[in-house]
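Participant:
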Amino acid sequence: MKIALKLLWYFAFLWVAMLCIGVFVMYSGFFKYQRAFLTIKQAAINTGWYLPAFYCHIIGSSLILFAGFFQFSKAVYNNRQLHRPLGKLYVFGVLFFAAPGAYVMTLFVNRGNWVFASFFVQNTLWVIFTLLAWLYIKKGRVTDHIYMMRRSYALAFAAVTLRFYIWGLTVFGHGVNFENNYIIIAFLSWVPNLLVAELINHFDNTRISPISHDNSN
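As numbered in this note's numbering, residues 3 to 219 make up the sequence shown, in order.
1. Considering only their Cβ atoms, is the gap separating valine 144 from isoleucine 202 smaller than 8 Å?
2. What distance in whole Å lies between the Cβ atoms of alanine 158 and serine 63, which are believed to be in contact at a cut-off of 8 Å?
3. Given alanine 69, which residues of its chain have a CB within under 6 Å of its CB, disregarding the five upstream and five downstream residues?
4. For lysine 141 and proline 212, what's the separation of their Cα atoms in angstroms?
5. Whose C-beta lies closer than 8 Å to the C-beta of isoleucine 23 among residues of the same chain, with five residues either side of it excluded?
6. Runs of 4 residues minimum, wholly inside the region 148 to 217: which ones carry the alpha helix (DSSP H) assignment?
7. Going straight from the alpha carbon of tryptophan 136 to that of alanine 55, what length do you get?
8. CA-CA distance, tyrosine 52 and asparagine 207?
9. Do the region 70 to 86 and the region 114 to 132 touch if we need at least three Cβ pairs shorter than 8 Å?
10. Between leucine 65 and the rest of its own chain, which residues show a CB-CB distance below 6 Å, the 5 nearest in sequence each way excluded?
11. What is the DSSP secondary structure of lysine 43, counted as helix, strand or coil?
12. Is it buried or exposed for leucine 196, if we count other Cβ within 10 angstroms and need 16 for buried?
13. Beta-carbon separation of phenylalanine 99 and threonine 108 under 8 Å?
14. Might you give, ordered along the chain, the residues of its own chain that have their beta carbon closer than 6 Å to the beta carbon of tyrosine 149, omitting 5 neighbours on each side?
15. Taking the alpha carbon of isoleucine 42 as the point to measure from, which residue in Trp169, Phe110 and Ile168 has its own alpha carbon closest?
16. As a quick exercise: from Thr132, Tyr138 and Ile185, pick the residue whose alpha carbon is nearest that of isoleucine 168.
Written out as structure tokens, the structure reads:
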């Protein structure tokens, strides 16, 4: 079981690394936007709203994916001097960059109402869980904070699972333009992630006593 979990950890890290490195390689170079799928977003870019939101989202998401991934490592979690700044980076990145950028990008989704609804609900839950996680730790409610952070990162990890499904459908299927495929992967990218987080929370018997406000900062 431990070997399987370790292999899963390395597999997840590989995809996080590929996504984050790919973002900086593909979209670097003085923010030239004639790249990848942005070539089909010219109408949105011309509004003046899309491009700033896009870079806030992808760069913010890349940073918080890395920061959040290591927060669940015991070595990092037990190192308060490292865990706290990474946690602040994660919360700040979600609430002020990644999620606001995602909201603006969602307005320009052109794949139908169901895809729009999926991304909108996912992003809203992401904001709620992240904000609650921050409020809980400020109040010293460590266990509640951990549960909420699992939910929050499950939704952040949707950036990875979405691209994994797109890659899988492109290589082994008919691509994302096949009938209803994008609707399916839009929900599949985050709903199972959240269910896994809920299962982990449900079977986690660890209970940490509330700590004082002074110790939670």
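Even glycine gets a Cβ: it sits at the ideal position worked out from N, Cα and C.
Facilitator: According to the data block:
1. Residue 202 sits at position 200 when you count from the first residue of the sequence shown. Residue 144 sits at position 142 when you count from the first residue of the sequence shown. No, these two residues do not count as a Cβ contact at 8 Å.
2. Working through the sequence shown from its first residue, we reach residue 63 at position 61. Working through the sequence shown from its first residue, we reach residue 158 at position 156. At roughly 7 Å, the Cβ-Cβ gap stays under 8 Å, so serine 63 and alanine 158 are in contact.
3. Counting from 1 along the sequence shown, the entry for residue 69 is found at position 67. Closer than 6 Å at Cβ, skipping near neighbours: Leu88, Leu91 and Tyr92.
4. Residue mapping note: residue 141 aligns to position 139 of the sequence shown, counting from 1. Residue mapping note: residue 212 aligns to position 210 of the sequence shown, counting from 1. Roughly 8 Å between the two C-alpha positions.
5. Residue numbering aside, residue 23 sits at position 21 when the sequence shown is read from its first letter. The answer is none, since no qualifying residue turns up.
6. 160 to 174, 183 to 190 and 193 to 205
7. For the purposes of this step, residue 136 is taken as residue 134 along the sequence shown, with counting starting at 1. For the purposes of this step, residue 55 is taken as residue 53 along the sequence shown, with counting starting at 1. So the two alpha carbons sit approximately 24 Å from each other.
8. Position 50 of the sequence shown, counted from the first residue, corresponds to residue 52. Position 205 of the sequence shown, counted from the first residue, corresponds to residue 207. The straight-line gap from Cα to Cα measures roughly 44 Å.
9. no
10. Numbered from its first residue, the sequence shown carries residue 65 at position 63. Answer for leucine 65: Gly95, listed in chain order.
11. Along the sequence shown, read from residue 1 onward, the residue named residue 43 stands at position 41. Reduced to three states, the DSSP call for lysine 43 is coil.
12. Position 194 of the sequence shown, counting from 1, holds the residue named residue 196. The residue is buried, with at least 16 neighbouring Cβ atoms inside 10 Å.
13. Translated into positions along the sequence shown, residue 99 becomes position 97. Translated into positions along the sequence shown, residue 108 becomes position 106. No, they are not a contact pair.
14. Residue numbering aside, residue 149 sits at position 147 when the sequence shown is read from its first letter. So the qualifying residues of the chain are Asn203.
15. Working through the sequence shown from its first residue, we reach residue 42 at position 40. It is Phe110 whose Cα lies nearest to the Cα of isoleucine 42.
16. As a working note, residue 168 is residue 166 in the sequence shown. Out of Thr132, Tyr138 and Ile185, Ile185 has the C-alpha closest to the C-alpha of isoleucine 168.
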